[in-house]
Each structure stands twice: as structure tokens, then as C-alpha cells.
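**Q** Numbering (the working numbering), first residue to last: -5 to 290.
The structure follows.
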Amino acid sequence: MENITIIGAGTMGNGIAHAFAQKNYNVTIVDISNENLDRAIATITKNLDRMVTKEKITNEEKINTLKKITTTTDFDSGVKESDLVVEAATENIDLKLKIFKDLDSICKDDTILATNTSSISITQIANKTNRKDKVIGMHFMNPVPIMKLVEVIRGKETSDEVTNLIMTLSRKLDKIPVEVNDAPGFVANRILMPMINEAIHTLNENVSDVEGIDTVMILGMSHPMGPLHLADFIGLDVCLSILEVMYDGFKDEKYKACSLLVDMVNNNTLGIKTGQGFYDYSEGPRNKKVAAQFRK
Ligand SMILES: NC(=O)c1ccc[n+]([C@@H]2O[C@H](COP(=O)([O-])OP(=O)(O)OC[C@H]3O[C@@H](n4cnc5c(N)ncnc54)[C@H](O)[C@@H]3O)[C@@H](O)[C@H]2O)c1
-5 MENITIIGAG
5 TMGNGIAHAF
15 AQKNYNVTIV
25 DISNENLDRA
35 IATITKNLDR
45 MVTKEKITNE
55 EKINTLKKIT
65 TTTDFDSGVK
75 ESDLVVEAAT
85 ENIDLKLKIF
95 KDLDSICKDD
105 TILATNTSSI
115 SITQIANKTN
125 RKDKVIGMHF
135 MNPVPIMKLV
145 EVIRGKETSD
155 EVTNLIMTLS
165 RKLDKIPVEV
175 NDAPGFVANR
185 ILMPMINEAI
195 HTLNENVSDV
205 EGIDTVMILG
215 MSHPMGPLHL
225 ADFIGLDVCL
235 SILEVMYDGF
245 KDEKYKACSL
255 LVDMVNNNTL
265 GIKTGQGFYD
275 YSEGPRNKKV
285 AAQFRK
């Protein structure tokens, strides 16, 4: 594998592009927005600069990594020479189904089509293609250049060969892959999202404030980051979409999103990416609570 295309230049897309480019793969990022593509390159540059400062990579490695990345808004030219496509577009089922149908008709016959979806069925996505054996979940964690885990999700018809290839490729990126089966939310979000949702209920019911809830989970459970801060980091819209997929998939009330989360998303208060979530990031790192205004 040499040519990797990433669909989507958002939080995850830029991190996945960074991880592949740093290992010398030719990376093309495709997005519908030039502004998002520019922002992705700026973020990758900033993250590489930080790695140079911390002496984790040399300046030459930084320059070489950036040289391996190209960007385009032209979907067809961005995917047609690709050996592997990793789709990391917005978590919306109709969008992903359309992207995979298009990928199947434009990509080479042997191109592997992976999705970074957090929750949507790999089997359902694969069913939109004529290569169900070559469709797989490759679920990176945020921030991709730092987090070691890749959840590798087999659809119903994903072949052993493709699964083994993606497991090996993940290791080449210095990641640790874990193979899981296809179910709403897979393993990571099946367990994480109910906890985040419960933290939001706890806040909404005024059991404690944002910092109180996060501090209990950091100091009491040895979590490196509180659930509300983590939700800001993931993106509140992404959290809501994942909960909706799990609620739909399991038809179980326990996955129903808290009304506070829905209100915040409707208000475009999406976490770090919009500068405000449970914390305020407008002046850099989080510095004050903002969620109180949304409480009942
Ligand atoms: N945010 C996280 O922590 C996280 C972690 C793991 C997995 N994921 C998953 O990764 C995927 C991307 O999430 P994100 O947080 O990066 O989202 P994001 O909102 O930050 O970025 C999504 C990007 O997709 C682009 N896009 C939308 N439609 C497109 C199309 N038709 N073609 C090309 N690009 C298109 C948007 O312009 C945007 O730049 C989702 O499936 C999400 O569930 C997110």
C-alpha cells in the first residue's frame, strides 16, 4: 500500500492524515470545504511543530511529513489512484452510504474501503458496495497522532485477508489494533457514550458542576480526563450522533441523549471545535464553565 486517501479534513481526518504521512505513505485529503482543508494542514503543521519542540521528531521529519500530504475538493481525482480510503467525514449515515456508493464506483477494484465511523454499522455501509469483503471499520482515537488504539471492526462479509491487512497496517502506524465485531457503537463508544451521557444528566440535575463532575472521575476513577471535558474534545455533535445511532440500533432508553446535550448541539455549542462546550476555549485552553446557562 502506498497511496492513502482520507475523506474528511475535520478533527479525525487531519490526525489520520498526519499518522499515515509520518510513516511515509502518500496521503491525499479530500473534503468539500477548502477552508477545512487549509485548517487541517495548519493543525498538522502545529502538531508537528510541537513534536519537534519536544524532540520527538526532527525538523527534517516534519518537512518530509508535510510533503507527503496533498489536499483536494475533487472527490474523483482524490480517490481514483488510492490503495486504501479511510473515510472520516461527518457522522451521518446517509452521507456515509452515499460516499461508499461513490467510492465503489470510482476506486480501483482492489482498493480497500475503511471507515472511521464511531458507531454506524460496517455491514450496512458495505452493503452499498460491490466489494463487501473489502469494507472494514478502522476506528482511530482522538488525538490520532498520540492515541495508540485502533478498533478494527469486521462487517459481516469482511474477509480475513482484509482484516489481517488492516491489523498489520495499524501496527505499521505504531498503533495497537483490537479486532471487534459489528454492533452499534462497537466496544469503545458502547461503553464511553453512556458514561458521558450520564455525566451530562448529572450536570443537568445539578448534582454537581462541570469541574466537580470531572474532578470526581479524574481523582476517583483515575481517568486522565473528565467525561465533560472529553465530550468537548470529541465534539458534542459527534457524541449526540453516536448516541442516536445506539438508541436507534438497540431501541433501549438507556442510550437516549440527555436534553442538555441536544440543547447545546442545537445552540452550536459543540466543544473545542466551536470554542465553547462545557468549558470555554475561546482564549486557548479551557478556562471557565459555560454550561450553567443551559440547565433547566
Ligand atoms: N471526534 C472524535 O473524537 C472522533 C473519534 C473517533 C471517530 N470519530 C468519527 O470520525 C468521523 C469524523 O468525525 P470528526 O470529529 O472528524 O468530524 P468533523 O465534524 O470534525 O469533520 C468532518 C469533516 O467531514 C467533511 N465532510 C462532510 N461531508 C463530506 C463529503 N461528502 N466529502 C468529504 N468531506 C466531507 C466536513 O467538511 C468536515 O471537514 C465521524 O464518523 C466520527 O464519528 C470521531
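Cβ atoms here follow ideal geometry from the backbone N, Cα and C, with glycine treated the same way.
On a predicted model such as this, the values are computed, not experimentally measured, just so you know.
Using the DSSP secondary-structure output, state which residues sit across from Phe134 in a beta bridge.
**A** Phe134 pairs with Val144.
**Q** Could you please give me the residues that DSSP links to Pro171 through a beta bridge?
**A** Partner(s): Val144.
**Q** Spatial neighbours of Ser235 within its chain, please: C-beta separation below 6 Å, excluding the five flanking residues on both sides.
**A** These residues qualify, in order along the chain: Glu85.
**Q** Is Gly2 near ligand 1, going by C-beta to nearest heavy atom under 7 Å?
**A** The answer is yes for Gly2.
**Q** Can we count Ile291 as close to ligand 1, meaning its CB is less than 7 Å from some heavy atom?
**A** Since the first residue shown for the chain is -5 and the last is 290, residue 291 is missing from the structure and cannot be characterised.
**Q** Can you name the residues that DSSP bridges to Thr64?
**A** Thr22, per the DSSP bridge assignment.
**Q** Could you tell me which of Val256, Asp32 and Tyr241 sits nearest to Ala225, measuring between CA atoms?
**A** Cα-wise, what sits closest to Ala225 is Val256.
**Q** Any chance the stretch 211 to 219 sits against the stretch 239 to 259, with 3 or more Cβ pairs inside 8 Å?
**A** Result no; under three Cβ-Cβ pairs closer than 8 Å.
**Q** Quick check on Gln287: buried or exposed, where buried means 16 or more other Cβ atoms within 10 Å of its Cβ?
**A** In this prediction, Gln287 scores a pLDDT of 48, lower than 50, which makes its location untrustworthy; the coordinate-derived value is nonetheless stated afterwards. Burial call: exposed.
**Q** For the alpha helix (DSSP H) containing Thr37, list its first residue and its last residue.
**A** Note, Thr37: alpha helix (DSSP H), Asn28 to Thr47.
**Q** Following a CB-centred definition, is Glu85 positioned closer than 7 Å to any heavy atom of ligand 1?
**A** Flag set: Cβ of Glu85 near ligand 1.
**Q** With H, G and I counted as helix, E and B as strand and the rest as coil, what does DSSP make of Val79?
**A** DSSP places Val79 in strand when its eight states are reduced to three.
**Q** What do you reckon, is the C-beta of Met135 under 7 Å from a heavy atom of ligand 1?
**A** Met135 Cβ: within cutoff of ligand 1.
**Q** In terms of residues, what are the limits of the alpha helix (DSSP H) holding Ala177?
**A** Element bounds for Ala177: n/a, residue is neither H nor E.
**Q** Indicate the three-state DSSP secondary structure (helix, strand or coil) for Asn(-3) in the structure shown.
**A** It is a strand residue.
**Q** Ala15: which of Gly2, Asn200 and Ile(-2) sits nearest, CA to CA?
**A** The shortest Cα separation from Ala15 among Gly2, Asn200 and Ile(-2) belongs to Ile(-2).
**Q** For Ser296, which of Ile116, Asp70 and Asn110 has the nearest alpha-carbon?
**A** One cannot answer for residue 296 here, as it falls past the ends of the chain, which runs -5 to 290.
**Q** Expressed to the nearest angstrom, what Euclidean distance is found between the alpha-carbon atoms of Thr196 and Asn124?
**A** Their backbone Cα atoms lie some 46 Å apart in a straight line.
**Q** Rounded to whole angstroms, what is the Cα-Cα separation between Ser97 and Leu42?
**A** According to the sequence provided, residue 97 is Leu. The question's Ser does not apply to it. Near 30 Å, if we compare the C-alpha coordinates of Leu42 and Leu97.
**Q** Ends of the beta strand (DSSP E) at Leu107?
**A** That run of the beta strand (DSSP E) goes Ile106 to Thr109.
**Q** So is Ile331 buried or exposed if we call it buried at 16+ other beta carbons inside 10 Å?
**A** As shown, the chain starts at -5 and ends at 290. That puts residue 331 outside it, with no answer to give.
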